[in-house]
Amino acid sequence: MPTVLHRAYRGAAGLVLLFGVAQLAVWASGVKPATFPLPSAVLSSAADLVRNGSFLTSVGSTMEAWAEAMVISVVIGVLLGLLLGSLRFVESAVWPVFEFIRPVPAVILVPLVLLIVQNDKRTEIAVVVIAAVWPVLLNTIYGVRSVEPLATETLRSFGFSPLAIVRRVSLPSAAPFIATGVRVAASFAFVVAVAVELVGTGMGGIGAFAAAEENGAADLSVMIAIAVWAGLIGIAVNLVFATAERRLFGWHFALTATTGGEE
Amino acid sequence: MTAAAISADRRVVGVLSNRLTLFVVRLVVLAAAVAGWQLGTESANNPFYLTPSSIVADMYHRWFSGPVSHLWLTSDATGNLLPSIGRMLLGWAIASLVGIALGVAIGRVSLLADLTEPVVHFARAVPPPALAPVFLFAFSIGTPMELATIIFGVIWPVLLNSIEGARHVHPGHLETARAFRIPAATRLARIILPSAAPKICAGLRLSLALALVMMVVSEFVGSVNGIGNEMLEFQTNTDITGMWDVIVLLGLLGMVLNGAFSLVERRVLAWERR
Amino acid sequence: MNASRICRSALALAIAGLAVGITACSSGSSATSASTATASGAASGNASASSSASAAVTGAPEKPNITVGVLPSADSVTVQIAEDKGFFKQQGLNVTVQTEATTNAGTTGLLSHTMDFTTENYVGMFAQEQAVKGLNLKIVADNSQTSPGLYVMLVAKDSPFKTLADLKGKKVGFPAKGFNFGSMAADILMAPYHMSTADFTTVQVPFSSAMQALATHQVDAIFTTEPFITTSEAAAGDRVLVDMLSGPLAGFPTACWGTTASYVQQYPKTVAAFQRAMSEATQVASTNTSYVRSELPKFIKTMKPGIANVITLPTYNTTLTLARMQRVASVIERLKQLPANFPVSSMFYPPAGSEG
Chain V
1 MPTVLHRAYR GAAGLVLLFG VAQLAVWASG VKPATFPLPS AVLSSAADLV
51 RNGSFLTSVG STMEAWAEAM VISVVIGVLL GLLLGSLRFV ESAVWPVFEF
101 IRPVPAVILV PLVLLIVQND KRTEIAVVVI AAVWPVLLNT IYGVRSVEPL
151 ATETLRSFGF SPLAIVRRVS LPSAAPFIAT GVRVAASFAF VVAVAVELVG
201 TGMGGIGAFA AAEENGAADL SVMIAIAVWA GLIGIAVNLV FATAERRLFG
251 WHFALTATTG GEE
Chain F
264 MTAAAISADR RVVGVLSNRL TLFVVRLVVL AAAVAGWQLG TESANNPFYL
314 TPSSIVADMY HRWFSGPVSH LWLTSDATGN LLPSIGRMLL GWAIASLVGI
364 ALGVAIGRVS LLADLTEPVV HFARAVPPPA LAPVFLFAFS IGTPMELATI
414 IFGVIWPVLL NSIEGARHVH PGHLETARAF RIPAATRLAR IILPSAAPKI
464 CAGLRLSLAL ALVMMVVSEF VGSVNGIGNE MLEFQTNTDI TGMWDVIVLL
514 GLLGMVLNGA FSLVERRVLA WERR
Chain Y
538 MNASRICRSA LALAIAGLAV GITACSSGSS ATSASTATAS GAASGNASAS
588 SSASAAVTGA PEKPNITVGV LPSADSVTVQ IAEDKGFFKQ QGLNVTVQTE
638 ATTNAGTTGL LSHTMDFTTE NYVGMFAQEQ AVKGLNLKIV ADNSQTSPGL
688 YVMLVAKDSP FKTLADLKGK KVGFPAKGFN FGSMAADILM APYHMSTADF
738 TTVQVPFSSA MQALATHQVD AIFTTEPFIT TSEAAAGDRV LVDMLSGPLA
788 GFPTACWGTT ASYVQQYPKT VAAFQRAMSE ATQVASTNTS YVRSELPKFI
838 KTMKPGIANV ITLPTYNTTL TLARMQRVAS VIERLKQLPA NFPVSSMFYP
888 PAGSEG
């Protein structure tokens with residue numbers, strides 16, 4: 001049975017293999033470096049970016065907006081989710097309205113939201129919240145629904161108020177699902193934040209940095225390197241939340257052998 | 264009439280009336296929401312908040328006031344809406360097929376999983392708009408590039424869920440199949456795929472929702488027509504009505520697609536519900 | 538379980554990254570994006586032109602902290618000059634610069650009050666005024682007009698095209714959809730051939746990706762400007778098919794600065810201060826070309842000094858005139874993209890005391 005390190009080596013081998021194949025392919029195609037860079041050039045650009053102060057600042061800016069949006073999304077998503085999860089009929093009645101609002105891509109809302117909110121930073125946060133609240137909300141509802149009805153019935157028959165029931169039973173039981181929702185929302189929120197910065201003006205962050213590089217007729221290797229870093233940060237975010245999820249709720253997943261609502 | 268028949272009848276009526284009340288209540292809530300929107304925007308008097316009535320009227324003029332022969336679609340609609348939706352569905356279909364095929368393979372072969380999973384997790388985390396220059400280079404401007412962008416953005420939920428679904432097939436079922444010398448192909452079709460189906464369907468649903476987003480995003484650069492392309496034009500002219508038209512259209516599209524998918528999913532997974 | 542798989546993937550990525558990273562880093566790449574901070578700002582010692590404002594609108598600006606929307610092109614470098622020469626400071630203005638990513642970002646910026654002033658093409662200004670109800674733009678300062686070879690139609694080195702008419706039925710890349718500065722120029726220049734932009738397929742590609750699209754033969758020609766002309770000529774040997782602002786469009790006014798009528802009403806002193814600063818900056822730009830070239834890499838941080846020294850620069854203008862605005866409007870009216878007798882004068886807001 002291969003050990004963790006063994007399998008990690010295999011993973012690394014896979015990455016290196018992919019890199020090698022790509023390098024060979026681009027080199028063999030004879031395309032000029034100005035038109036499309038070699039993967040090795042992308043890597044050196046990526047290394048340069050780390051030393052670039054304004055890139056690091058832009059990463060900080062994106063993460064700041066992401067963090068603010070996450071806090072707001074979790075608060076709204078969990079509160080609303082607890083409410084709707086407990087009141088099944090209300091949730092059912094309101095569902096079509098949600099089904100209509102949810103599919104709209106957050107990115108196209110940027111100009112409109114900007115005109116309404118009249119502030120760059122708040123627009124970015126608002127749009128990311130609009131996108132990221134859904135995984136939290138849906139997973140919270142799913143979590144509340146999965147609560148043992150016997151537990152809630154028992155407490156109710158003993159005269160506990162609905163609020164107490166939520167606090168003592170629904171919330172703790174739904175917590176693993178909420179954790180999954182937050183994890184999914186975290187990765188998604190990051191991607192949306194970068195996309196919004198690319199589309200909008202004056203929002204700072206990685207997206208704005210990429211747009212500036214693009215406008216300056218920069219090397220394509222820099223553009224790809226920025227995308228690579230965005231991907232790495234995204235993985236890091238996912239890793240942090242996944243580890244926390246496992247630490248806190250590993251028992252739940254082992255018990256139920258599920259990985260929660262949305263992946 | 265036997266007591267069993269009476270109680271069965273009562274149960275059916277009970278279910279029906281519940282469904283009916285639910286439907287009516289939902290309709291009422293929806294109507295109330297739209298009415299609230301209408302009244303709210305009318306009283307707010309803000310040029311950026313539009314009433315649903317004006318939006319619908321504009322949508323009708325822009326897209327749905329065409330000749331009956333074209334299903335009431337105007338040339339704007341046939342030139343922009345249809346190509347976009349077509350690309351989205353095609354991209355989603357291709358991504359789904361590839362995602363399921365690859366996902367099941369990766370899920371079943373642990374060596375393959377070890378080799379490819381880091382790549383998959385990395386590629387999935389890259390924001391697709393950041394890769395627009397790459398797609399612009401690699402694919403022809405217009406449909407090929409947009410299709411590629413959609414597929415790249417949409418394949419991950421299907422892929423990851425297929426991997427998970429294929430991985431967690433009940434080992435007992437597979438043991439039984441092997442004991443009875445059932446060939447691998449049949450094992451795949453009759454045991455692995457059906458076991459993975461719920462997870463795969465969840466992935467497909469997510470991908471479908473994502474496809475709508477990617478359809479629009481893919482048209483931000485290097486596009487010749489489409490809904491996203493039109494949206495860019497509305498943004499350039501600060502055409503507030505146009506922007507709202509697109510938003511409402513996408514909401515409706517998403518609703519219809521999700522509903523259609525649910526119908527199909529229910530059929531496909533019918534056996535799973537005891 | 539998901540978390541362990543992701544952990545393992547991260548570990549794999551780390552190992553792979555370390556291995557490849559060491560190889561890449563050791564190849565000693567020079568920093569490509571280092572901005573060369575020039576000392577010429579201080580050394581240039583060009584006495585700034587005396588303030589041309591009348592006594593009518595002087596005094597400290599009501600709103601000293603302003604945001605100015607600029608485009609990443611040599612036109613907007615005047616803002617950098619105004620900053621570095623202290624013209625803004627002299628007028629009591631504290632300027633934050635926002636680089637606009639899309640063609641209409643200025644209008645959205647103005648309407649959402651996230652920008653106080655924006656730069657825009659004259660054509661764009663009129664088009665936006667026409668398209669957006671209640672915008673009420675005021676053009677407050679002139680900036681530049683075209684120079685020979687600044688806006689061109691670029692084709693690949695080995696392409697068979699000789700004139701604009703040869704592009705019939707081909708794919709041509711423009712930075713924006715619909716009617717814009719580039720399509721206007723194309724319409725005017727193709728008129729002698731009894732053709733217009735409708736005769737080829739317009740593909741929307743931003744300037745930065747257009748070079749690539751041309752190289753990969755996805756478009757047959759691109760409407761482009763500096764620095765992309767110089768870089769693509771150098772990198773791919775692309776050649777200029779035609780100077781798009783030549784003949785009837787020679788010396789065509791290009792960039793200007795604008796804000797909304799309500800802003801002008803609310804903050805007249807701020808507008809006057811901005812106008813004074815920009816007038817001095819454009820004065821410097823029009824007389825000191827080498828200074829402009831040294832400012833460019835500071836303004837567009839990804840532009841290398843080597844490129845900045847050879848690109849074609851616009852011709853900088855100091856004075857906003859109604860006649861110039863009218864010239865632009867007439868051209869657009871002729872193309873039926875503006876109604877006849879478009880009220881150009883209502884958008885004219887020169888500095889107080891200057892000629893009309």
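Chains as they are written, first to last, in our numbering: chain V, 1 to 263; chain F, 264 to 537; chain Y, 538 to 893.
Note that CB positions come from ideal geometry on N, CA and C, so glycine has one too.
Computed from a predicted model, the values in this text were never measured in an experiment.
For this session: Measuring only between beta-carbons, confirm whether F:Q498 sits less than 9 Å from chain V.
Result: Position 235 of the second sequence, counted from the start, is the residue given in the question as residue 498 of chain F. Put simply, the CB of F:Q498 is near chain V, with a gap under 9 Å to one of its CB atoms.
Exercise. Thinking just about the alpha-carbon of each residue, which of F:F398, F:A448, F:L515, F:T284 is nearest to the one in F:F483?
Worked result: Here residue 483 of chain F is taken as the residue at index 220 of the second sequence, counted from 1. Ranking F:F398, F:A448, F:L515, F:T284 by Cα distance to F:F483 puts F:F398 first.
Exercise. Taking DSSP as the reference, what is the three-state secondary structure of F:Y323?
Worked result: Residue 323 of chain F sits at position 60 when you count from the first residue of the second sequence. Here F:Y323 sits in helix by DSSP.
Problem set entry | First through last residue of the alpha helix (DSSP H) which encompasses Y:D621 | Sequence index remark: in the third sequence, residue 621 of chain Y carries index 84 (1-based). It spans 614-621 - the alpha helix (DSSP H) in which Y:D621 sits, taken as one unbroken run.
Exercise. Taking 9 Å as the CB-CB limit, is F:V367 close to chain V?
Worked result: Here the question's residue 367 of chain F lines up with position 104 in the second sequence. Using a Cβ-Cβ cut-off of 9 Å, F:V367 does not count as an interface residue toward chain V, since no Cβ of chain V sits closer than that to its own.
For this session: Please look up how many angstroms separate the CB atoms of F:M518 and V:F100, rounded, as I've assumed it's under 8 Å.
Result: As a working note, residue 518 of chain F is residue 255 in the second sequence. As a working note, residue 100 of chain V is residue 100 in the first sequence. Contact holds; Cβ gap of about 5 Å.
For this session: Report the residue from V:W95, V:A47, V:I72, V:G11 whose alpha carbon sits nearest the alpha carbon of F:L290.
Result: Numbered from its first residue, the second sequence carries residue 290 of chain F at position 27. When each option's Cα is compared against that of F:L290, the closest is V:W95.
Exercise. What are the partner residues of V:R183, as DSSP defines its beta bridges?
Worked result: Counting from one through the first sequence, the residue named residue 183 of chain V turns up at place 183. V:R183 pairs with nothing; no bridge assigned.
For this session: Could you tell me which chain F residues have their CB closer than 8 Å to the CB of Y:Q741, listed as they occur along the chain?
Result: For the purposes of this step, residue 741 of chain Y is taken as the residue at position 204 of the third sequence. Near Y:Q741 (Cβ distances below 8 Å), the residues of chain F are V484, G485, S486, V487, N492, L495.
Problem set entry | Minimum C-alpha distance to V:F89 - residue among F:P461, F:L352, F:L467, F:L285 | Taking the first residue of the first sequence as 1, we reach residue 89 of chain V at position 89. Of F:P461, F:L352, F:L467, F:L285, the residue nearest in Cα terms is F:L285.
Problem set entry | Cβ-Cβ distance between F:I510 and V:I108 below 9 Å | For the purposes of this step, residue 510 of chain F is taken as the residue at position 247 of the second sequence. For the purposes of this step, residue 108 of chain V is taken as the residue at position 108 of the first sequence. In this structure, the beta-carbon distance from F:I510 to V:I108 falls below 9 Å.
Problem set entry | Exposure label - Y:D695; buried when at least 16 CB within 10 Å | Numbered from 1 along the third sequence, position 158 holds the residue referred to as residue 695 of chain Y. Exposed.
Exercise. Which chain V residues are close to Y:L648, counting only those with a beta carbon under 8 Å from its beta carbon?
Worked result: Here the question's residue 648 of chain Y lines up with position 111 in the third sequence. Within 8 Å Cβ-Cβ: L115.
Exercise. In terms of residues, what are the limits of the beta strand (DSSP E) holding Y:D780?
Worked result: As a first step, residue 780 of chain Y must be located in the third sequence, where it is residue number 243. 776-780 is the extent of the beta strand (DSSP E) around Y:D780.
Problem set entry | First and last residue of the uninterrupted alpha helix (DSSP H) at V:W66 | Sequence index remark: in the first sequence, residue 66 of chain V carries index 66 (1-based). Where V:W66 is concerned, the enclosing alpha helix (DSSP H) stretches over 53-86.
For this session: Sort F:G514, F:N500, F:I426, F:A376 by Cα distance to F:S359 and report the nearest one.
Result: As a working mapping, residue 359 of chain F is identified with position 96 in the second sequence. Comparing Cα-Cα distances from F:S359 to each of F:G514, F:N500, F:I426, F:A376, the minimum goes to F:I426.
Exercise. Cβ of Y:F744 less than 9 Å from any chain V Cβ?
Worked result: For the purposes of this step, residue 744 of chain Y is identified with residue 207 of the third sequence, where counting begins at 1. At least one chain V Cβ lies under 9 Å of Y:F744.
For this session: State the CB to CB distance for the pair Y:T796 and Y:D653, rounded to an integer number of angstroms; the pair is presumed to be in contact (CB under 8 Å).
Result: One-based indexing of the third sequence puts residue 796 of chain Y at position 259. One-based indexing of the third sequence puts residue 653 of chain Y at position 116. Their Cβ separation, rounded to whole angstroms, is 6 Å, which keeps Y:T796 and Y:D653 in contact under 8 Å.
For this session: Could you say which of V:L198, V:A227, V:R183, V:L220 lies nearest to V:V74 if we only look at CA atoms?
Result: Within the first sequence, residue 74 of chain V is the residue found at index 74, counting from 1. For V:V74, the closest of V:L198, V:A227, V:R183, V:L220 by C-alpha to C-alpha distance is V:R183.
Exercise. What residue does the beta strand (DSSP E) around Y:E657 start on, and which one ends it?
Worked result: For the purposes of this step, residue 657 of chain Y is taken as residue 120 along the third sequence, with counting starting at 1. That run of the beta strand (DSSP E) goes 654-658.
For this session: If I'm right that V:V144 touches V:S86 with Cβ under 8 Å, what's the distance once you round it to whole angstroms?
Result: One-based indexing of the first sequence puts residue 144 of chain V at position 144. One-based indexing of the first sequence puts residue 86 of chain V at position 86. That belief holds up - the Cβ atoms of V:V144 and V:S86 are roughly 6 Å apart, short of 8 Å.
Exercise. When burial is assigned at 16 or more other CB atoms within 10 Å of the CB, is Y:L857 buried or exposed?
Worked result: Stepping through the third sequence from its first residue, residue 857 of chain Y is reached at position 320. With 16 or more Cβ atoms within 10 Å of its Cβ, Y:L857 is classed as buried.
Problem set entry | Partner residues on chain F for V:N52, Cβ-Cβ distance less than 7 Å | Walking along the first sequence from the start, residue 52 of chain V turns up at place 52. Within 7 Å Cβ-Cβ: nothing; V:N52 doesn't reach chain F, min ~16 Å.
Exercise. By how many angstroms is the C-alpha of F:F385 removed from the C-alpha of V:A8?
Worked result: In the first sequence, residue 8 of chain V corresponds to position 8, counting from 1. In the second sequence, residue 385 of chain F corresponds to position 122, counting from 1. When rounded, the separation of the alpha-carbon atoms in V:A8 and F:F385 is 14 Å.
Exercise. Is the CB of V:M63 under 9 Å away from at least one CB in chain F?
Worked result: Taking the first residue of the first sequence as 1, we reach residue 63 of chain V at position 63. Between V:M63 and chain F, the shortest Cβ-Cβ separation is not below 9 Å.
Exercise. In angstroms, rounded to a whole number, what distance separates the CA positions of V:W229 and V:E68?
Worked result: Counting from one through the first sequence, the residue named residue 229 of chain V turns up at place 229. Counting from one through the first sequence, the residue named residue 68 of chain V turns up at place 68. If I take the Cα positions, the gap works out to 21 Å.
Exercise. Using the beta-carbon of each residue, which ones in chain V are nearer than 8 Å to F:V292?
Worked result: Indexing the second sequence from 1 puts residue 292 of chain F at position 29. Near F:V292 (Cβ distances below 8 Å), the residues of chain V are A93, V94, P96, V97.
For this session: Please report the Cβ distance between Y:T651 and V:G202, rounded to the nearest whole angstrom; I am assuming they are in contact, meaning their Cβ atoms lie under 8 Å.
Result: Taking the first residue of the third sequence as position 1, residue 651 of chain Y is located at position 114. Taking the first residue of the first sequence as position 1, residue 202 of chain V is located at position 202. Rounded, the Cβ-Cβ distance is 6 Å, consistent with contact.
Exercise. In chain V, which residues lie less than 9 Å from Y:T636 when you measure between Cβ atoms?
Worked result: Within the third sequence, numbered from 1, the residue matching residue 636 of chain Y stands at position 99. Here the neighbours are T201, G202, A208, A211, A212, N215.
For this session: Going by DSSP, name the residue or residues bridged to Y:V607.
Result: Position 70 of the third sequence, counted from the first residue, corresponds to residue 607 of chain Y. Per DSSP, Y:T636.
For this session: With V:W134 as the anchor, note down where its alpha helix (DSSP H) starts and where it stops.
Result: Taking the first residue of the first sequence as 1, we reach residue 134 of chain V at position 134. Run containing V:W134: 120-145, per the alpha helix (DSSP H) assignment.
For this session: Using a Cβ-Cβ cut-off of less than 7 Å, list which residues of the segment 382-416 of chain F approach chain Y; keep chain order.
Result: H384, F385, P396, L399, F400, S403, I404
For this session: Specify whether the segment 420-435 of chain F and the segment 455-470 of chain F touch according to this definition: at least 3 beta carbon pairs, one from each stretch, less than 8 Å apart.
Result: yes
Problem set entry | Contact set between V:N139 and chain Y, taken where Cβ atoms lie within less than 7 Å | Indexing the first sequence from 1 puts residue 139 of chain V at position 139. Chain Y residues near V:N139: none, gap ~14 Å exceeds 7 Å.
Exercise. Near F:D502, which residues of its chain fall below 6 Å by C-beta distance, leaving aside the five closest residues on each side in sequence?
Worked result: Numbered from 1 along the second sequence, position 239 holds the residue referred to as residue 502 of chain F. Contacts found: none.
For this session: State the start and end residues of the unbroken beta strand (DSSP E) segment that holds Y:Q741.
Result: Position 204 of the third sequence, counting from 1, holds the residue named residue 741 of chain Y. That run of the beta strand (DSSP E) goes 738-741.
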